Ligand code: PLP
């Protein structure tokens, strides 16, 4: 029996989420005995695997307000973004221009770099303001007759800031340009409605909402000019070659079913209350703390916090020793700390980027745990600041 017990202070759900008991139970037969290939419908194992895929497809479609016809299984968010964007340019070779926002995940940024390298497709990057919001006038002005696609994420993974997709879609529609959204962080945390949103392509990833790593979806609007980039045995109605990862897809289906329930009952959105409680007591108890994007609409579970006079990469190690698992707003390489491109794009200074921690909550978090978390943060930050002060003074002597 699977024991569902994520660490009490696991606050890194935007990085990946723990697997719930119902997901573990759903996937078990597909590891132990249901080994069929969904394309081999001439045997019962294959038929059962194919049925399991369709069952999962229905649950994922329901989670994002799409039809099952829209859903193409992939290996995750990165592949979905690559295939979504790449497939539009493959289908329309006369289009030579892509528009993206400055705060996209590398899954989109590096797809743009790849397209530039292999087929000279130019990319315009639309800046964001201090609140993480994109400049819609610049977006509109950037559209050219050869613009093939606009790709703007639904919500940012580091700050949780929600981008104005309905406005982006309205601008794009007027000019007949399709829109892709990287909704990897939004799906399962917000009531995402693919059909109503009016986007042409949407990417999601199972391990961000309770599924396994290695499964995702690219949702494609029927009738869109788009061509597969992963070709092969004709799986997924020719839209993504390769035998489907049945256990991971079954897990994604169950995770989608469970998350839809948590969204429908309001449990997921109730996290806003806990997030705000966390931010309020944090700002009250620790001097020189700033919440990034506090004025913008944000994911209910994400808090990006600048704690002046600290180095997040070091702070997170001290916190990990005390059972608090969080992420930093910077990437640590062996010789230097690289500030996050997302925070930089918002005009945040390098020292502030380096002092940024990201807290991303899950439903298991309680009010008591938040208070415990803030106690630990107070002690750790005070210790860090005192140590740094002593070091500085010693160096000045
Ligand atoms: N897009 C966003 C916004 C993400 O946060 C991530 C993962 O962190 C991805 C794409 C990539 O998803 P995957 O890990 O499934 O490839």
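Residue numbers (this note's numbering): 55 to 451.
Even for Gly, the Cβ is constructed at its ideal location relative to N, Cα and C.
Computed from a predicted structure; not experimentally measured.
Would you identify the three-state DSSP class for residue i, choosing helix, strand or coil?
i	result
residue 405	helix
residue 388	In this prediction, residue 388 scores a pLDDT of 49, lower than 50, which makes its location untrustworthy; no coordinate-derived value is stated.
residue 71	coil
residue 129	coil
residue 413	strand
residue 305	helix
residue 277	coil
residue 151	strand
residue 434	helix
residue 258	strand
residue 171	helix
residue 422	helix
residue 187	coil
residue 159	coil
residue 290	helix
Give the single residue among the options whose Cα lies nearest to the Cα of residue i.
i	options	result
residue 153	192, 273, 440 and 323	192
residue 397	181, 127 and 85	181
residue 305	294, 110 and 328	110
residue 298	62, 83 and 126	126
residue 311	424, 324, 80 and 226	80
residue 74	449, 287, 176 and 266	266
residue 495	401, 363 and 295	Any property of residue 495 remains undetermined from this structure, which presents the chain solely from 55 to 451.
residue 333	189, 309, 421 and 197	421
residue 322	341, 355 and 82	355
residue 147	237, 159, 213 and 169	169
residue 228	244, 197 and 208	197
Between which residues of its own chain and residue i is the CB-CB distance below 8 Å, once the five residues before and five after are set aside?
i	result
residue 283	136, 137, 140, 141 and 144
residue 220	251 and 252
residue 102	88 and 90
residue 295	282, 284, 285, 286, 287, 288 and 289
Does the beta-carbon of residue i have 16 or more other beta-carbons within 10 angstroms, so that it is buried, or is it exposed?
i	result
residue 326	exposed
residue 272	buried
residue 203	buried
residue 289	buried
residue 124	buried
residue 375	exposed
residue 347	buried
residue 349	exposed
residue 195	exposed
residue 85	exposed
residue 449	exposed
residue 130	buried
Enumerate in chain order the residues of its own chain whose CB-to-CB distance from residue i is below 6 Å, with the five nearest sequence positions on each side excluded.
i	result
residue 254	232, 233, 275 and 278
residue 132	161
residue 242	263 and 313
residue 378	63 and 430
Between residue i and chain D, is any beta-carbon pair separated by less than 8 Å?
i	result
residue 114	Absence of chain D from the displayed structure is noted, only one protein chain being present.
Excluding the five sequence neighbours on either side, which residues of its own chain have a C-beta within less than 7 Å of the C-beta of residue i, listed in chain order?
i	result
residue 503	Outside the shown range of the chain (55 to 451) lies residue 503, about which nothing can therefore be said.
residue 222	193, 204, 206 and 233
residue 314	116 and 117
residue 443	none
residue 407	383, 384, 393, 394, 397 and 398
residue 300	84, 92, 103, 106 and 107
residue 128	134, 137, 270, 271, 272 and 294
Should residue i be listed as close to the ligand COA, given that the test is whether its C-beta is under 7 Å from any heavy atom?
i	result
residue 259	Questions concerning the ligand COA fall outside what the structure shown contains, since the ligands it does hold are the ligand PLP.
So within the stretch 315-373, which uninterrupted alpha helix (DSSP H) runs reach at least 4 residues, ignoring any that extend past its ends? 325-339
Contiguous beta strand (DSSP E) assignments of at least 3 residues, all confined to the stretch 233-258: 233-236
What ranges does the beta strand (DSSP E) occupy inside the stretch 189-233, keeping only unbroken runs of at least 3 residues that lie completely in it? 201-205
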